[in-house]
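Q:
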Amino acid sequence: MSDKTIAEKLYVKNAATIAVLNADARHAFVTGQLPAEKLVDSGPADLVLLFVHASTELEALLPQARTRLAPKGALWVAYLKGTSKSHAAGLHRDTIRTFAATLGLDSVAMIALDADWSALRLKA
Numbered sequence: 030m031s032d033k034t035i036a037e038k039l040y041v042k043n044a045a046t047i048a049v050l051n052a053d054a055r056h057a058f059v060t061g062q063l064p065a066e067k068l069v070d071s072g073p074a075d076l077v078l079l080f081v082h083a084s085t086e087l088e089a090l091l092p093q094a095r096t097r098l099a100p101k102g103a104l105w106v107a108y109l110k111g112t113s114k115s116h117a118a119g120l121h122r123d124t125i126r127t128f129a130a131t132l133g134l135d136s137v138a139m140i141a142l143d144a145d146w147s148a149l150r151l152k153a
């Protein structure tokens with residue numbers, strides 16, 4: 030695994046504002062590394078981080094996440110890897126990429142957040 034922190038992998042330093050969507054206590058290993066002073070509850074954000082656990086969540090929440098994306102911002106979709114015990118069948122990099130394309134979003138990068146979670150970076 031990389032020696033980079035999660036914040037470095039997400040390019041947090043390039044964002045003035047960060048929106049975290051659909052996160053709960055299970056995601057503290059990521060959200061705890063984000064600078065609190067950059068977090069925003071509403072309006073556009075330079076970096077939007079969306080956690081999804083199933084295809085239904087992706088389809089319901091990605092359009093909302095896209096509306097939060099500031100011009101030239103980055104949208105990260107965090108999802109459980111196929112090797113995770115909690116992985117939802119049918120949710121993987123390719124399904125995210127395909128659905129994102131219907132919203133005018135292109136996948137530009139993928140990172141490992143930990144042994145169970147990956148994140149796909151999308152740009153408009």
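Everything in the sequence shown is counted per our numbering, starting at 30 for the first residue and increasing by one.
From the three backbone atoms N, C-alpha and C, an ideal C-beta is built for every residue, glycine too.
(1) Pop quiz: valine 106 and alanine 148 are said to be a contact at Cβ under 8 Å. What is the actual Cβ separation, rounded to whole angstroms?
(2) If we require 3 or more residues per run, which beta strand (DSSP E) segments fall completely within the region 62-91?
(3) What is the rounded straight-line gap between the Cα of isoleucine 35 and the Cα of glutamine 62?
(4) Specify, as a first and last residue, the run of the beta strand (DSSP E) that threonine 137 falls within.
(5) Output yes or no for whether 7 Å exceeds the beta carbon distance between leucine 98 and leucine 104.
(6) Indicate the three-state DSSP secondary structure (helix, strand or coil) for lysine 33 in the structure shown.
(7) Measuring straight from C-alpha to C-alpha, what distance separates lysine 110 and methionine 139?
(8) Closest to lysine 152 by CA distance: which of Leu87, Ala83 and Val77 is it?
(9) Of the choices Leu68, Asp75 and Leu50, whose alpha-carbon is the least far from that of asparagine 43?
(10) Cα separation between phenylalanine 124 and glutamate 37?
(11) Taking buried to mean at least 16 other C-beta atoms within 10 Å of its own C-beta, is alanine 154 buried or exposed?
A: Reading off the structure:
(1) A Cβ-Cβ separation of about 6 Å places valine 106 in contact with alanine 148 under the 8 Å criterion.
(2) You should have 74-80.
(3) Roughly 7 Å between the two C-alpha positions.
(4) At residue 137 the sequence reads valine, which differs from the threonine that was named. Its beta strand (DSSP E) spans residues 135-141.
(5) In contact: leucine 98 and leucine 104 (Cβ atoms closer than 7 Å).
(6) In the structure shown, lysine 33 sits in coil (DSSP, three-state: anything other than H, G, I, E or B).
(7) Each residue's Cα considered, the two are about 12 Å apart.
(8) Of Leu87, Ala83 and Val77, the smallest CA-CA separation from lysine 152 is found for Val77.
(9) Answer by Cα proximity: Asp75.
(10) According to the sequence as given, residue 124 is threonine; it is not phenylalanine. Cα to Cα, threonine 124 sits roughly 26 Å from glutamate 37.
(11) The structure shown does not extend to residue 154, since the chain is modelled only from 30 to 153, so the question has no answer here.
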